[in-house]
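Visitor: The structure that follows is given in the form of structure tokens.
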Amino acid sequence: MNRKRLQKLLNKRVYYTATVDTIRDNNVCLVTIKQDGKYLCDHLWVQSDIVAERYEKGTEIVFSAIAYTYKDSNGVRKTGIDQCRSFRECNEEYYAQVKKDGKNLKKRNYK
């Protein structure tokens, strides 16, 4: 797993797209993480009751988060995401608006 592209976004709040994979309590594994359509990494684990309650495995979602660094249980420095917010499903309405705007939606509020 290579997160070098994610490191370039450290301490910045940006929008990501990902696919929900594994849900364990409120811990969710998101796969195929992208930002503005560019692949960042294969998977990330996030804590989110919202994702665990609203979405099923295989659902593509968009959300905002801040990239940060942390040390794992072995003391190895890694890059992850935190403060995940503004979750919404990447549905037909989302893609229609992206096509209309010609760019990623930065400040749209979808239910």
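Our numbering puts the last residue of the sequence shown at 430; the count rises by one with no breaks. All residues carry an ideal CB built from backbone N, CA and C; glycine is no exception.
Which one or two residues does DSSP pair with T398 in a beta bridge?
Guide: Here the question's residue 398 lines up with position 79 in the sequence shown. In the DSSP output, where bridge partners are listed per residue, T398 has T388.
Visitor: Check whether the Cβ atoms of L328 and L359 sit closer than 9 angstroms, and answer yes or no.
Guide: Working through the sequence shown from its first residue, we reach residue 328 at position 9. Working through the sequence shown from its first residue, we reach residue 359 at position 40. Result yes, Cβ atoms of L328 and L359 sit closer than 9 angstroms.
Visitor: Between the Cα of R373 and those of D344, L325, D401, E411, spot the shortest distance and give me the residue it belongs to.
Guide: Sequence index remark: in the sequence shown, residue 373 carries index 54 (1-based). Ranking the options by Cα distance to R373, first place goes to D344.
Visitor: Starting from D361, trace the beta strand (DSSP E) in both directions and tell me its first and last residue.
Guide: Residue numbering aside, residue 361 sits at position 42 when the sequence shown is read from its first letter. 357–366 is the span of the beta strand (DSSP E), which, as asked, contains D361.
Visitor: What do you reckon, are the CB atoms on R324 and K357 nearer than 9 angstroms?
Guide: Indexing the sequence shown from 1 puts residue 324 at position 5. Indexing the sequence shown from 1 puts residue 357 at position 38. Result yes, Cβ atoms of R324 and K357 sit closer than 9 angstroms.
Visitor: Counting only the same chain and skipping the five closest in sequence on each side, list residues whose C-beta sits under 6 angstroms from that of E379.
Guide: In the sequence shown, the residue the question calls residue 379 occupies position 60. Answer for E379: T338, C409, listed in chain order.
Visitor: What would DSSP say about E375, mapped onto helix, strand or coil?
Guide: Counting from 1 along the sequence shown, the entry for residue 375 is found at position 56. Coil, per DSSP.
Visitor: Could you compute how far the alpha carbon of T351 sits from the alpha carbon of R322?
Guide: Working through the sequence shown from its first residue, we reach residue 351 at position 32. Working through the sequence shown from its first residue, we reach residue 322 at position 3. Taking the straight line joining both Cα atoms gives about 12 angstroms.
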